[in-house]
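For the sequence shown, the numbering used here gives the first residue as 270, with consecutive numbering after it.
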Amino acid sequence: MLLELLCPRMIIERVQDLDVEALWAQGFRGLVFDLDNTLVSWRRWTFNPAVKAWLERAQAVGFHVCILSNCVFGRRVARFARMYGIPAIPKAKKPQKKWFQQALDLLGTTAQQTIVVGDQVFTDVLGGNRMGLFTVLVLPVDRREFYVTIVQRTAEKLILFRLRRKGLLRDVAEEHSGILFQSH
Ligand SMILES: [Mg+2]
């Protein structure tokens with residue numbers, strides 16, 4: 270049971286690999302983003318142009334978007350919110366459910382209508398699955414991370430290996446869509 274809660278619905282290379290038009294057509298209306306190593310490299314203060322353009326496209330399609338970050342540096346998260354006009358919740362404690370509920374309240378969407386995108390199994394995916402969101406794991410933007418995260422990465426690799434072995438994750442890398450795995 271725990272293993273299933275750790276299983277993302279999809280694994281992608283970069284956030285831009287998400288097909289926002291297709292997801293909108295499927296009925297999704299909200300996107301909750303992790304910040305560090307999902308939208309930006311660790312310690313970056315701005316989005317790269319490709320990520321910025323993709324976020325604007327998602328919003329143009331109609332998606333309500335927000336940032337839900339465990340980052341303790343509230344000023345940095347607030348700056349992203351201000352610069353890009355994207356509401357953000359800093360200093361969260363994912364995978365606790367109440368923070369995901371706050372994000373849903375901010376978006377005005379239901380759990381079933383909402384996608385969470387993040388680079389960590391034990392915070393973004395676990396919390397999102399517990400709340401019934403559609404969970405998308407993205408490969409980390411870079412490797413400059415806190416050592417705690419690095420310790421977690423090793424555990425994540427083991428979990429992903431077990432999910433694949435149990436047949437919960439299907440390898441779709443051959444389709445060259447940027448989607449690496451999908452759950453059944
Ligand atoms: Mg992250």
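Glycine is no exception: its CB is placed at the ideal position from the N, C-alpha and C atoms.
Checklist entry - Between which two residues does the beta strand (DSSP E) containing Phe403 stretch? => result 403-407
Item to check | Residue range of the alpha helix (DSSP H) that includes Asp374 | outcome: From DSSP, the alpha helix (DSSP H) with Asp374 extends over 366-376.
Item to check | Ile384 beta carbon less than 7 Å from that of Phe403 | outcome: Cβ atoms of Phe403 and Ile384: closer than 7 Å.
Next on the checklist: Here's the rule I'm using: 16 or more other beta-carbon atoms within 10 Å means buried, otherwise exposed. How should Lys363 be labelled?
Outcome noted: buried
Item to check | Which of helix, strand or coil DSSP assigns to Pro357 | outcome: It should be noted that the sequence gives Ala, not Pro, for residue 357. Residue state, collapsed to three classes: strand.
Checklist entry - Residue ranges of each alpha helix (DSSP H) run of no fewer than 4 residues wholly in the stretch 309-336, ordered along the chain? => result The stretch 309-336 contains these whole alpha helix (DSSP H) runs: 318-330.
Next on the checklist: Could you tell me the alpha carbon to alpha carbon distance between Gln328 and Val334, rounded to whole angstroms?
Outcome noted: 7 Å
Item to check | Cβ pair count under 8 Å reaching 3, the stretch 271-279 against the stretch 288-301 | outcome: Contact fails: fewer than three Cβ-Cβ distances are below 8 Å.
Checklist entry - Can you tell me the Cα-Cα spacing of Ala377 and Ile355, whole angstroms? => result It is Gly, not Ala, that sits at residue 377 in the sequence shown. Straight-line measurement puts the Cα of Ile355 at about 14 Å from the Cα of Gly377.
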